[in-house]
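Notes follow once the structure below has been shown.
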Amino acid sequence: MARDQNRPLRQQLVRLLDWRDAHLHFDDVVRGWPAKLRGAKPRGAPHTAWQLVEHLRICQWDILEFCRNRNYKEMPFEDYWPRTASPPSAAAWEKSVRAFRADNEAMQRLVANPKTDLFAPIPWGSRQTILREAVLVADHNAYHLGQLVLLRRLLGAWGR
3 MARDQNRPLR
13 QQLVRLLDWR
23 DAHLHFDDVV
33 RGWPAKLRGA
43 KPRGAPHTAW
53 QLVEHLRICQ
63 WDILEFCRNR
73 NYKEMPFEDY
83 WPRTASPPSA
93 AAWEKSVRAF
103 RADNEAMQRL
113 VANPKTDLFA
123 PIPWGSRQTI
133 LREAVLVADH
143 NAYHLGQLVL
153 LRRLLGAWGR
């Protein structure tokens, strides 16, 4: 069996997707978020916690699907955001958080797999690669995770 020449890159991508270095981890940000503040939006804030968490879940799932599903169909822009400011239930919040984690782990497994060609264009795409999509997931997640941190601070909900 041939040695995986890209192993160091795969390891770095997994670390990037897991935010254990320069970023707070997703779980650290959403853990203990008060239920009554999941739909709260301080003055001037563009989104609620629910909107951000659900948007993160939807986008990450969509990018993962693009990477692994040859029958992938792009969604309309408005479908990348939830329709409501608040989660319909505590169970919906938990389901979104669990799905986000599961899809993040699936993306990590995809890039860690030596059988995944990180550099080959995705056949059903327009020259995107798995490497590009993994970096896109990490970048997009970090951006919105930062928004969640700021939102939580603005709501006075850090450490509750």
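The opening position of the sequence shown corresponds to residue 3 in my numbering, with each subsequent residue numbered one higher.
Just so it is clear, CB atoms sit at the ideal spot from N, CA and C, and this is done for glycine as well.
None of the values given here were measured: they were computed from a predicted structure.
Just to confirm the assignment, what range does the alpha helix (DSSP H) spanning residue i have?
i	result
Met109	92-114
Asp64	51-70
His142	132-156
Phe28	28-32
Measure the Cβ-Cβ separation of residue i and residue j and say whether it is below 8 Å.
i	j	result
Ala51	Leu153	yes
Thr23	Trp63	Reading off the sequence, residue 23 comes out as Asp, not Thr. Taking 8 Å as the Cβ cut-off, Asp23 and Trp63 do not qualify as a contacting pair.
Pro125	Arg59	no
Phe28	Trp35	no
Arg40	Pro10	no
Measure the alpha-carbon distance for residue i versus residue j and round it to whole angstroms.
i	j	result
Ala37	Leu19	27 Å
Asp119	Glu107	18 Å
Gln53	Trp83	7 Å
Lys117	Phe102	24 Å
Val137	Leu15	8 Å
Phe68	Arg17	21 Å
Leu147	Arg134	20 Å
Leu156	Ala140	24 Å
Gly158	His25	20 Å
Pro7	Arg70	It is worth fixing the name first, because residue 7 is Gln in this sequence and not Pro. Taking the straight line joining both Cα atoms gives about 22 Å.
Asn143	Lys97	18 Å
His2	Ala92	A question about residue 2 goes unanswered here, because the residues of the chain that appear run from 3 up to 162.
Ala47	Trp95	20 Å
Gln149	Pro123	32 Å
Arg129	Leu112	18 Å
Helix, strand or coil for residue i, going by three-state DSSP, please let me know.
i	result
Pro10	helix
Just tell me which of the options has its CA closest to the CA of residue i.
i	options	result
Arg85	Arg12, Ala108, Glu56	Glu56
Ile65	Leu157, Ile132, Trp160	Ile132
Met77	Pro10, Arg129, Ala92, Cys61	Cys61
Arg100	Leu26, Val32, Val139, His25	Val32
Arg12	Trp160, Phe121, Trp95, Tyr145	Phe121
Arg5	Trp160, Ser128, Asn143, Asn115	Asn115
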